[in-house]
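Undergrad: Here it is, the structure in full.
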Amino acid sequence: MPRAATGYLPLLRSPGVAAFFFAAAVGRVGIAMTGLGLVWLLHARTGSYGTAGLATAGFALAEALIGPHLARLVDQFGQTRVLPFSLLAHGAAIAGVLAATTPTAAITAATCAGAVVPQLGALSAARWAHLLRGDRADELPTAFSLESLANATAFLLGPVLVTSLGAVGDAALASTIAAALILGGGGALAAQGRTVPPPAREHAERARTGRTLLQPTFLLLALLNLAIGLYFGTMGVAVSSFAISHGIPGAAAPIIAASSLSGLLSGWLYGLRRHPAPPRRQLVVATACLTGGALLLPLAPSAVWLGAAVVVTEAAVPPTLVLLNVLTEKAVHPAVLTQAFTWNNSASAAGSALAASLAGRAADAWGASAALAQAPAAGLVLLVCSLVLSLGARRPGGARGR
Numbered sequence: 007m008p009r010a011a012t013g014y015l016p017l018l019r020s021p022g023v024a025a026f027f028f029a030a031a032v033g034r035v036g037i038a039m040t041g042l043g044l045v046w047l048l049h050a051r052t053g054s055y056g057t058a059g060l061a062t063a064g065f066a067l068a069e070a071l072i073g074p075h076l077a078r079l080v081d082q083f084g085q086t087r088v089l090p091f092s093l094l095a096h097g098a099a100i101a102g103v104l105a106a107t108t109p110t111a112a113i114t115a116a117t118c119a120g121a122v123v124p125q126l127g128a129l130s131a132a133r134w135a136h137l138l139r140g141d142r143a144d145e146l147p148t149a150f151s152l153e154s155l156a157n158a159t160a161f162l163l164g165p166v167l168v169t170s171l172g173a174v175g176d177a178a179l180a181s182t183i184a185a186a187l188i189l190g191g192g193g194a195l196a197a198q199g200r201t202v203p204p205p206a207r208e209h210a211e212r213a214r215t216g217r218t219l220l221q222p223t224f225l226l227l228a229l230l231n232l233a234i235g236l237y238f239g240t241m242g243v244a245v246s247s248f249a250i251s252h253g254i255p256g257a258a259a260p261i262i263a264a265s266s267l268s269g270l271l272s273g274w275l276y277g278l279r280r281h282p283a284p285p286r287r288q289l290v291v292a293t294a295c296l297t298g299g300a301l302l303l304p305l306a307p308s309a310v311w312l313g314a315a316v317v318v319t320e321a322a323v324p325p326t327l328v329l330l331n332v333l334t335e336k337a338v339h340p341a342v343l344t345q346a347f348t349w350n351n352s353a354s355a356a357g358s359a360l361a362a363s364l365a366g367r368a369a370d371a372w373g374a375s376a377a378l379a380q381a382p383a384a385g386l387v388l389l390v391c392s393l394v395l396s397l398g399a400r401r402p403g404g405a406r407g408r
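Quick note on the working numbering: the sequence shown kicks off at 7 and runs consecutively.
Below, the structure is given as structure tokens:
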């Protein structure tokens, strides 16, 4: 049984914690707005979804590929030195999008904006890991649950705000607000040196840090993040396809909203308590629950069934994400932790993009149930990888993290 509840408030009352956490949370709302904001803005400007899609794809691809290298600079030189330059470059790139007079210029500026957008979630997680070392390490799951809640809230509020402004013809205002939130939240984070992790050059094991991520444990964790991305990408397309194919397109929104609320509640409850089982064993349980719930999805005969199955499945997602962060923190050297978190995000984004494409093709060719079948397939990959990770830790000489 779990031990006594830890609670979120005692953690947020730690010196300097609330300031950096809420600064990053504000910025993440802006990040959640940016991609969709580009779609609304450029479609309003050009009348072309093709141009809007290319700009959004350029933004996402640049973020996924360049973000880890930007994180490497953060690890090497410190957040307070690199973050201001990243914020200025991102602000200038968004200004370029707003001022662009041709589709090519807009797509180029959007791609540049993605390349330099600060990974505020990774920066915040790195600060938690720095502050909660040693005898406070058992508080990390609670801290990462807070991060998960902040991220889920951002991706609930951000798209709603963008869609609302875009629908009334203020798409440019939506992109401006998104940039202002990123610059404001990121600037406030950069100004807080009290909780910042030391740069890599201050670590005694500096010579080893370049190879720290090239180890089986972290590569397996990256694969797990790619698999959870496969689940995310599948659900976004498959739920919409199911609702449309059943003649009830309006059902997609409440199903997605219910799944989001399920995830928020599950993540909040998980972080309230300390769990005595090792994180790797907890991950096996969480991914098994996700896979079991996902098996119900392709069998759904109605929207009510699908909604209930999605709610059950989504409840396993936040604990899985929290545990992946906890295990990443244990697996890599502190000097490359920001890179590790960012690579995990990139792997998840890559999996989501791949799954969305495959789910769309499956829905067109064989129907919504075929698209939904990708969800248990992604869950099975998660379960197998988590079992390999858990079993590897039990073998003599197996990877045990730090």
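Think of the CB as a built atom: it goes at the ideal place given N, C-alpha and C, for glycine as much as any other residue.
(1) Are residue 181 and residue 104 close, meaning C-beta to C-beta below 8 Å?
(2) Let me know if residue 34 comes out buried or exposed under the rule of 16 or more other beta-carbons within 10 Å of its beta-carbon.
(3) Assuming residue 149 and residue 122 make a contact with CB atoms under 8 Å, what is their CB distance in whole Å?
(4) Go ahead and label residue 234 buried or exposed: buried means 16 or more other beta carbons lie within 10 angstroms of its beta carbon, across all protein chains shown.
(5) Between which two residues does the alpha helix (DSSP H) holding residue 193 run?
(6) Quick check on the DSSP output: the alpha helix (DSSP H) that includes residue 221 runs from which residue to which?
(7) Go through its chain and collect everything with a Cβ distance to residue 266's Cβ below 6 Å, but skip five positions before and after it.
(8) Measure the beta-carbon distance from residue 151 to residue 32 and round it to whole angstroms, keeping in mind my assumption that it falls under 8 Å.
(9) Taking residue 78 as part of the alpha helix (DSSP H), name the residues at either end of that continuous run.
(10) Determine the contact status of residue 147 and residue 277, defining contact as a CB-CB distance below 8 Å.
(11) Residues in its own chain within less than 6 Å of residue 368 by CB, not counting five upstream and five downstream?
(12) State buried or exposed for residue 372, treating a residue as buried only when at least 16 other CB atoms are found within 10 Å of its CB.
(13) Spatial neighbours of residue 251 within its chain, please: C-beta separation below 7 Å, excluding the five flanking residues on both sides.
(14) In the DSSP assignment, find the unbroken alpha helix (DSSP H) run with residue 49 in it and report its ends.
(15) What residues in its chain sit with their C-beta under 7 Å from that of residue 86, if we drop five residues either side in the sequence?
(16) Look at the alpha carbon of residue 222 and the alpha carbon of residue 129, and state the distance between them as a whole number of angstroms.
(17) Using a Cβ-Cβ cutoff of less than 7 Å, which residues in the same chain neighbour residue 157 once the five nearest sequence positions on both sides are dropped?
(18) Three or more C-beta pairs under 8 Å: does that hold for the region 34 to 44 against the region 168 to 183?
(19) Roughly how far, in whole angstroms, is the beta-carbon of residue 326 from the beta-carbon of residue 389, given that I think they are within contact range, below 8 Å?
(20) Pop quiz: residue 299 and residue 322 are said to be a contact at Cβ under 8 Å. What is the actual Cβ separation, rounded to whole angstroms?
(21) So, at 6 Å on beta carbons, what are the nonlocal neighbours of residue 136 in its own chain, with the 5 sequence-adjacent residues on each side left out?
(22) Let me know the secondary structure DSSP gives residue 380 once reduced to three states.
(23) Between which two residues does the alpha helix (DSSP H) carrying residue 144 extend?
(24) Could you check if residue 141 is buried or exposed, using at least 16 other CB atoms within 10 Å of its CB as the buried criterion?
(25) So residue 239 and residue 38 are supposed to be a Cβ contact under 8 Å. How far apart are they, rounded?
(26) Given a cut-off of 8 Å, decide if residue 22 and residue 205 are closer than it, judged by their beta-carbon atoms.
(27) In the structure shown, what three-state DSSP assignment does residue 136 receive?
(28) What residue range is occupied by the uninterrupted alpha helix (DSSP H) comprising residue 367?
(29) What separation, rounded to the nearest whole angstrom, lies between the Cα atoms of residue 186 and residue 383?
(30) Can the beta-carbon of residue 392 be found less than 8 Å from the beta-carbon of residue 236?
(31) Can you tell me the Cα-Cα spacing of residue 96 and residue 76, whole angstroms?
(32) Just to check my reading of the structure: residue 334 and residue 346 have Cβ atoms closer than 8 Å, yes? What is that Cβ distance to the nearest angstrom?
TA: Once the coordinates are examined:
(1) yes
(2) buried
(3) Wrong, their Cβ atoms sit about 27 Å apart, outside the cutoff.
(4) buried
(5) 177 to 196
(6) Here residue 221 belongs to no alpha helix (DSSP H), and DSSP marks it neither H nor E.
(7) 162
(8) Incorrect: roughly 19 Å between the Cβ atoms, too far for contact.
(9) 55 to 83
(10) yes
(11) 376 and 377
(12) exposed
(13) 373 and 374
(14) 23 to 52
(15) 196, 199 and 202
(16) 24 Å
(17) 34 and 127
(18) yes
(19) About 10 Å; that fails the 8 Å criterion.
(20) 6 Å
(21) 203
(22) helix
(23) Residue 144 -> no alpha helix (DSSP H), and no H or E assigned at all.
(24) exposed
(25) About 16 Å separates the two Cβ atoms, so there is no contact after all.
(26) no
(27) helix
(28) 343 to 372
(29) 40 Å
(30) no
(31) 12 Å
(32) 5 Å
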